[in-house]
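FYI, full-length UniProt numbering numbers position 784 of the sequence shown as 784, with every residue one higher than the one before it. Ideal Cβ positions, reconstructed from N, Cα and C, are used throughout, including at glycine.
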Amino acid sequence: QLTQQLATAHEAVRNAEAERVHLKIEIEVKEHKLREVTEEADLARQKLETLTDNLAMRDTQIARLQKDLAASATADADELGRVRAERDEQEALRGQLTRALEDVRTAEADRHRLTAKVDAKERKLHEVTENAETVRGLEVRGILFRAAACMLESQLGKLKLRPSGKISGKPRNAQTRKKAAYLEAQRDHDRAELDGREKQLETMRLEIAEREHAMQKVDETLEDLEAASHVSATEVTKLREQVRNRERNIAEREMRITELEKAVLDAASHVSATEVTKLREQVRERERKIVEREMRIAELEKPVLEAASHASTTEVTELRQQVRERERKIAESEMRIADLEKAVQPSYELDHLRIEMEESTRHVADLEKTVQLRDAEIVDCKLRIVEVEAQLKENAIQTADRVRAEMDSAREFEREKARLMELVRARDADVVERDRRLAEMAERVGDGTPVLCGIQPTSDLSRLRAQMEENANHSKSEESTIHALLASKDALLASKDALLADRERALTRALEAERHFDQQRSRVKAATNRLNEQSRTLSADRAALESERKAFDAAVEASAANLGALVRDNTRRIREIGGGGAGASAPAEELGRLTEELVSLESVSVVASDLRLRTTQSEFEETYTTLQDKMGEIARLKENEKSLATALAEKNVVGDESGRLGEAERKYERVCLAYRQLRDSRAASSGVDNGNFGSSKTRKHGESLSALDGDRAKADHKLIRLQADLKEKLAKIQSLTDQLSTVRESLASERRLADERQATYASHIADRDALLACVHREVCELARNGAVDEVRKLVGIWRPHAGGGGRGC
């Protein structure tokens with residue numbers, strides 16, 4: 001009974017260990033999802049950095065264009081053409097980099113898909129292994145049934161060959177016939193059950209053959225995965241070669257830019273050396289950002305290459321090692337079964353063996369139900385994982401759509417800005433032309449040239465007045481056009497701010513998801529700690545039960561030895577008394593006393609056997625019910641936060657069980673003496689000792705417990721390593737979040753500066769237009785009044801700056 005209870009406790013420990021392994025698997029799944037979310041966050045941050053760099057570059061270009069526009073229209077046109085060429089090259093390079101990133105993401109998606117296939121094959125392998133273990137269990141039961149049949153047959157043969165005799169005038173033929181009939185019926189029942197088990201075993205062997213065929217397909221799939229990993233490595237190598245080619249093209253482009261800068265310096269001598277130096281620095285800064293972006297792409301490609309080249313090979317190696325380990329365990333189990341077959345000898349404890357088999361069958365059925373429930377829970381968890389992955393993919397698609405929309409809006413902004421610059425240059429050219437014509441007209445009026453040509457001054461002044469009014473109207477229309485363009489630019493900036501706000505909300509949601517994963521990880525860690533605490537409690541209870549069982553076995557063996565000696569002495573004395581024949585002079589009363597004592601011992605042994613069976617069955621049912629309650633409590637650890645109180649309650653239950661076991665031991669002591677005496681007497685008559693069976697079971701339990709301890713230590717080590725990796729990932733995410741905040745602040749400050757520059761530029765244009773209108777009015781008034789000297793003076797002020805776009809105003 002104690003051995004059975006110890007085995008049940010071991011089973012509970014194994015169930016707890018399995019639950020802990022299940023929780024660790026869930027931890028790995030959650031960490032995998034966290035890594036995916038981290039990668040998506042990294043991609044989003046990289047996209048944000050790219051957009052930030054683009055915005056900074058565009059702001060720099062706008063500032064340079066505005067400065068050049070204020071300095072010189074010719075230099076502005078040349079610079080704008082060069083900037084456009086550089087921007088086209090950068091757009092082409094950005095398109096190439098985008099395609100390379102798309103290729104990398106496609107390779108990553110293929111790797112995830114192949115990993116999912118490997119996981120499915122691993123689940124099938126696990127099912128095959130479980131079926132193989134079930135078949136081994138059925139084979140063990142078949143061996144036990146065969147041993148029982150052999151024992152029945154041997155006992156039946158002994159009963160048939162035993163000569164019927166009389167002791168003290170009491171016939172035993174009827175009792176022998178009843179026992180023989182009972183043993184024959186039991187043998188037929190065992191044979192029928194053995195046939196059913198063999199049929200079931202044959203069915204399981206067929207299923208194992210099918211699963212082995214499936215395993216061959218799994219191996220083929222793993223080979224395909226290895227080939228796919230090599231293909232991914234080849235693709236990454238090609239991407240690296242493309243990046244090197246782009247770097248070489250960038251170097252050549254830098255040389256061409258240097259030559260263009262020299263040409264610009266030679267052609268535009270009025271541009272200052274400071275401005276040229278600034279332009280060179282801007283070009284170098286832009287090229288440095290491109291090189292840094294290429295380096296980040298190479299860093300992104302590196303983990304993809306490592307994952308593609310090592311993930312599949314590592315998983316295949318682990319699967320093969322697991323298969324070899326399971327084959328080794330199966331071989332050891334077969335060797336232990338062979339040892340049990342050699343150790344098991346025919347015995348007369350058929351009822352006890354049958355009850356043990358029935359109990360084992362019921363226990364296995366209950367365990368199968370528990371395994372089915374756990375499988376259902378695993379399926380639910382996997383369904384939830386699939387749903388979360390689908391949600392993450394949908395979020396990634398939405399993020400990509402938002403990024404594309406932002407890029408489209410940025411390109412639209414660039415086109416609008418280019419159109420605005422064209423209009424500004426056209427307006428400046430018109431102003432220059434009008435200034436030139438105004439100067440010529442004023443000079444002609446002052447010199448009197450139209451009089452010599454036969455044209456009246458009054459008509460010239462009228463024509464000049466009409467031309468000035470036309471120019472004023474044209475200036476007003478251009479001013480309204482510029483205001484409309486500025487309003488459209490403000491609308492574009494507002495849309496850009498809205499996009500940035502959407503991006504910030506997306507990053508906030510990502511951070512909330514990270515916090516949610518942290519909470520889940522802490523809950524799983526707490527559940528793991530609770531399981532470890534309960535495992536330690538069960539280990540202590542197991543050690544206590546083992547020590548009590550050893551003490552009880554020693555007491556039983558001592559009592560059995562004394563009882564066996566007493567029975568052998570009585571048997572010897574009966575044989576001595578009966579050996580004298582009919583005329584012997586032995587006292588008849590002593591013979592009768594010994595016979596009655598032997599009969600009483602047999603009756604006591606029968607009563608003890610029945611009492612032992614009833615006690616064993618009731619205590620086993622009680623213990624099994626208690627252990628089922630424990631398993632239910634362990635299953636509810638995931639949802640119940642009050643696990644400490646539950647563990648203490650379970651510890652108290654184990655203490656109550658120890659008290660009940662002590663009471664059962666006291667009951668055993670009253671019947672064990674007669675039972676051991678009867679068994680030793682039968683063993684003395686048949687020369688059989690059944691002690692090897694229990695010792696073999698004890699060795700088996702010890703080996704299984706050692707294996708469980710080793711597996712638990714490995715799992716703990718792996719959990720510690722995973723927790724360390726998770727901490728590193730979280731630290732990296734925090735640093736990236738800080739960098740993102742810094743980029744946001746710098747972007748906001750640059751946006752404010754751009755708005756201020758735009759307002760200043762608009763005010764300068766308004767002042768210039770007002771001053772030009774004032775000059776026009778003064779010239780018209782002076783010409784109307786005939787003040788030739790004043791007109792010449794005004795023309796002298798205006799002429800030196802006529803070609804500079806109105807800078808003299």
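(message) Using C-beta distances below 6 Å, list every residue in its chain close to residue 419, excluding the 5 sequence neighbours before and after it, in chain order.
(response) Residue mapping note: residue 419 aligns to position 419 of the sequence shown, counting from 1. No residues qualify anywhere along the chain.
(request) May I ask you to report which of helix, strand or coil DSSP gives residue 1? (result) On the sequence shown, position 1 is the one that residue 1 refers to. Taken through DSSP and simplified to helix, strand or coil, residue 1 comes out as coil.
(message) Quick check on residue 86: buried or exposed, where buried means 16 or more other Cβ atoms within 10 Å of its Cβ?
(response) Locating residue 86 in the sequence shown gives position 86, counting from the first residue. Per the 10 Å Cβ criterion, buried.
(message) Taking its Cβ as the centre, do 16 or more other Cβ atoms sit within 10 Å of residue 530, making it buried, or is it exposed?
(response) Position 530 of the sequence shown, counting from 1, holds the residue named residue 530. By the neighbour-count criterion, in which 16 or more other beta carbons inside 10 Å mark a residue as buried, residue 530 falls on the buried side.
(message) I'd like to know whether the C-beta atoms of residue 42 and residue 289 end up nearer to each other than 7 Å.
(response) Against the sequence shown, residue 42 aligns to sequence position 42. Against the sequence shown, residue 289 aligns to sequence position 289. Taking 7 Å as the Cβ cut-off, residue 42 and residue 289 do not qualify as a contacting pair.
(message) Please classify residue 476 as buried or exposed, where buried requires at least 16 other C-beta atoms within 10 Å of its C-beta.
(response) Residue 476 sits at position 476 when you count from the first residue of the sequence shown. Around the CB of residue 476, fewer than 16 other CB atoms lie within 10 Å, so the residue is classed as exposed.
(message) Quick check: the Cα distance between residue 778 and residue 473, rounded to an integer number of angstroms?
(response) Along the sequence shown, read from residue 1 onward, the residue named residue 778 stands at position 778. Along the sequence shown, read from residue 1 onward, the residue named residue 473 stands at position 473. Roughly 17 Å separates the two Cα atoms.
(request) In angstroms with no decimal places, state the Cα-to-Cα distance between residue 203 and residue 210. (result) As a first step, residue 203 must be located in the sequence shown, where it is residue number 203. As a first step, residue 210 must be located in the sequence shown, where it is residue number 210. In a straight line, the C-alpha of residue 203 is about 11 Å away from that of residue 210.
(request) Taking all protein chains shown into account, decide if residue 398 is buried (16 or more other Cβ within 10 angstroms of its Cβ) or exposed. (result) Position 398 of the sequence shown, counted from the first residue, corresponds to residue 398. The residue is exposed, with fewer than 16 neighbouring Cβ atoms inside 10 Å.
(request) Label residue 34 either buried or exposed according to how many other C-beta atoms from any shown protein chain fall within 10 Å of its C-beta, with 16 as the threshold for buried. (result) For the purposes of this step, residue 34 is taken as residue 34 along the sequence shown, with counting starting at 1. Of the other Cβ atoms in all chains shown, 16 or more fall within 10 Å of the Cβ of residue 34; this residue is therefore buried.
(request) Pull up the distance between the alpha-carbon of residue 124 and that of residue 6, whole angstroms please. (result) The residue labelled residue 124 in the question sits at position 124 within the sequence shown. The residue labelled residue 6 in the question sits at position 6 within the sequence shown. So the two alpha carbons sit approximately 33 Å from each other.
(request) Pull up the CB-CB distance for residue 502 and residue 425, whole angstroms please, since I reckon it's below 8 Å. (result) Locating residue 502 in the sequence shown gives position 502, counting from the first residue. Locating residue 425 in the sequence shown gives position 425, counting from the first residue. Rounded, the Cβ-Cβ distance is 35 Å, inconsistent with contact.
(request) Pick out whichever of 519, 252 and 192 has its Cα sitting closest to the Cα of residue 89. (result) Your numbering for residue 89 matches position 89 in the sequence shown. Nearest of 519, 252 and 192 to residue 89, Cα basis: 252.
(message) Quick check: the Cα distance between residue 409 and residue 383, rounded to an integer number of angstroms?
(response) To locate residue 409, count along the sequence shown from 1; it is residue 409. To locate residue 383, count along the sequence shown from 1; it is residue 383. Going by the C-alpha atoms only, they are around 39 Å apart.
(request) Express the C-alpha separation of residue 439 and residue 494 in angstroms, rounding to a whole number. (result) Numbered from its first residue, the sequence shown carries residue 494 at position 494. Numbered from its first residue, the sequence shown carries residue 439 at position 439. The straight-line gap from Cα to Cα measures roughly 44 Å.
(message) What does the Cβ neighbour count give for residue 415, buried or exposed, with the cut at 16 atoms within 10 Å?
(response) Here residue 415 refers to the residue found at position 415 of the sequence shown. Within 10 angstroms of the beta-carbon of residue 415 lie fewer than 16 other beta-carbons, which makes it exposed.
(request) Could you check which residue in 105, 96 and 39 has the C-alpha nearest to that of residue 245? (result) In the sequence shown, counting from the first residue as 1, residue 245 sits at position 245. Of the listed residues, the one whose Cα sits closest to residue 245 is 96.
(request) Just mark residue 321 as buried or exposed, buried being the case when its beta carbon has 16 or more other beta carbons within 10 Å. (result) Within the sequence shown, the letter at position 321 stands for residue 321. Here residue 321 is exposed: its Cβ has fewer than 16 other Cβ atoms, across all protein chains shown, within 10 Å.
(request) State buried or exposed for residue 771, treating a residue as buried only when at least 16 other CB atoms are found within 10 Å of its CB. (result) For this step, residue 771 is matched to residue 771 along the sequence shown. Residue burial is scored here from C-beta neighbours: residue 771 has fewer than 16 other C-beta atoms within 10 angstroms and is therefore classed as exposed.
(message) Let me make sure I understand the geometry here. Which of 47, 195 and 332 has the alpha-carbon closest to that of residue 133?
(response) Within the sequence shown, the letter at position 133 stands for residue 133. With distances taken between CA atoms, residue 133 lies nearest to 332 out of 47, 195 and 332.
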